[in-house]
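Residue numbers (our numbering): 2 to 243.
Spelled out as structure tokens, the structure:
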């Protein structure tokens, strides 16, 4: 991928919103990727114009926010935490969770770190019988922003994400990849909403479900209406948590 190919959802003097594809790392970590998202953004906006407001794991796709000025980062984070702030994830999970719920389970915010408060609200969207077992689409709303929060919380309630090599079921991941072509982590951030701290505009940023996830879901019998998420989330959100 080159900088010109990066899908930009919103751009203004203070903020950029990107539709991050699955498989693209956000920044350099232990892996030695040839290209990461911050490289592409810095090529486009300059090194001083890229200040991440959250994180999405390599396998997660969807809306990612970037402040263009380092001094504005806290203003945006406060706006995301405010009452109008809302971030949603759509996840494909094993089994059939309850219709809705709140996961209140402390997790580390960094590898090997102490456990800290973590809250995730969720809502069941749809379920389908597949081979070898039933799977469900869930809308998850992290109310805190911990490392791998959505993934860890869904595993905690015994409904791990499909395609999750760290917290999922390898046998089920392999079976659904072979049967339906699902070759990625089944987690996408389709929408983020918050009040812009500088323009005053209520931003509602949306990233459609990409083909590498929508295609396998369609083969399982899901329809676009099944993964449509309204704006009635259970609560405000932090800036991270995928």
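Cβ atoms here follow ideal geometry from the backbone N, Cα and C, with glycine treated the same way.
Nothing here was measured: the structure is a model prediction, and the numbers come from that model.
Ignore the nearest five residues each way along the sequence and tell me which others in residue i's own chain have a CB closer than 7 Å to its CB.
{"i": "residue 236", "result": "The predicted model places residue 236 with a pLDDT of 43, which falls under 50 and marks its position as unreliable; any figure quoted below should be read in that light. These residues qualify, in order along the chain: 122, 142, 144."}
{"i": "residue 97", "result": "128, 135, 137"}
{"i": "residue 151", "result": "90, 92, 121, 141, 143, 188, 242, 243"}
{"i": "residue 34", "result": "26"}
{"i": "residue 110", "result": "117, 147, 148"}
{"i": "residue 156", "result": "168"}
Out of the options, which one is the CA nearest neighbour of residue i?
{"i": "residue 90", "options": "57, 111, 99, 106", "result": "57"}
{"i": "residue 229", "options": "92, 73, 11", "result": "92"}
{"i": "residue 117", "options": "105, 126, 124", "result": "105"}
{"i": "residue 154", "options": "102, 43, 22", "result": "102"}
{"i": "residue 26", "options": "10, 14, 5, 61", "result": "61"}
{"i": "residue 167", "options": "149, 38, 158, 23", "result": "149"}
{"i": "residue 258", "options": "209, 132, 170", "result": "Given that the chain is displayed from residue 2 to residue 243, the structure contains no residue 258 and the question cannot be resolved."}
{"i": "residue 126", "options": "23, 227, 196", "result": "227"}
{"i": "residue 112", "options": "212, 19, 211, 30", "result": "30"}
{"i": "residue 78", "options": "214, 197, 215", "result": "197"}
{"i": "residue 45", "options": "37, 5, 185", "result": "5"}
Closer than 6 Å by C-beta to residue i: which residues in its own chain qualify, once you throw out the five before and the five after it? Chain order, please.
{"i": "residue 194", "result": "87, 205"}
{"i": "residue 52", "result": "68, 71, 74"}
{"i": "residue 160", "result": "94, 95, 96, 98"}
{"i": "residue 174", "result": "164"}
Check whether the Cβ atoms of residue i and residue j sit closer than 7 Å, and answer yes or no.
{"i": "residue 54", "j": "residue 68", "result": "yes"}
{"i": "residue 199", "j": "residue 15", "result": "yes"}
{"i": "residue 41", "j": "residue 7", "result": "yes"}
{"i": "residue 139", "j": "residue 94", "result": "yes"}
{"i": "residue 176", "j": "residue 225", "result": "no"}
{"i": "residue 37", "j": "residue 28", "result": "yes"}
Helix, strand or coil: which one does DSSP assign to residue i?
{"i": "residue 164", "result": "coil"}
{"i": "residue 44", "result": "helix"}
{"i": "residue 227", "result": "helix"}
{"i": "residue 192", "result": "strand"}
{"i": "residue 97", "result": "coil"}
When you compare only the Cα positions, how much space is there between residue i and residue j?
{"i": "residue 162", "j": "residue 202", "result": "34 Å"}
{"i": "residue 183", "j": "residue 217", "result": "5 Å"}
{"i": "residue 190", "j": "residue 84", "result": "19 Å"}
{"i": "residue 9", "j": "residue 3", "result": "13 Å"}
{"i": "residue 130", "j": "residue 220", "result": "11 Å"}
{"i": "residue 256", "j": "residue 114", "result": "This structure cannot settle anything about residue 256, because the visible part of the chain is limited to 2 through 243."}
{"i": "residue 11", "j": "residue 23", "result": "19 Å"}
{"i": "residue 43", "j": "residue 49", "result": "8 Å"}
{"i": "residue 39", "j": "residue 192", "result": "21 Å"}
{"i": "residue 213", "j": "residue 17", "result": "24 Å"}
Going along the chain, which residues of its own chain have a beta-carbon closer than 8 Å to the beta-carbon of residue i, five neighbours each way excluded?
{"i": "residue 99", "result": "125"}
{"i": "residue 233", "result": "With a pLDDT of 49 at residue 233, under the threshold of 50, the modelled position of that residue is not reliable, and the figure given next carries that caveat. Cβ within range, chain order: n/a, list empty."}
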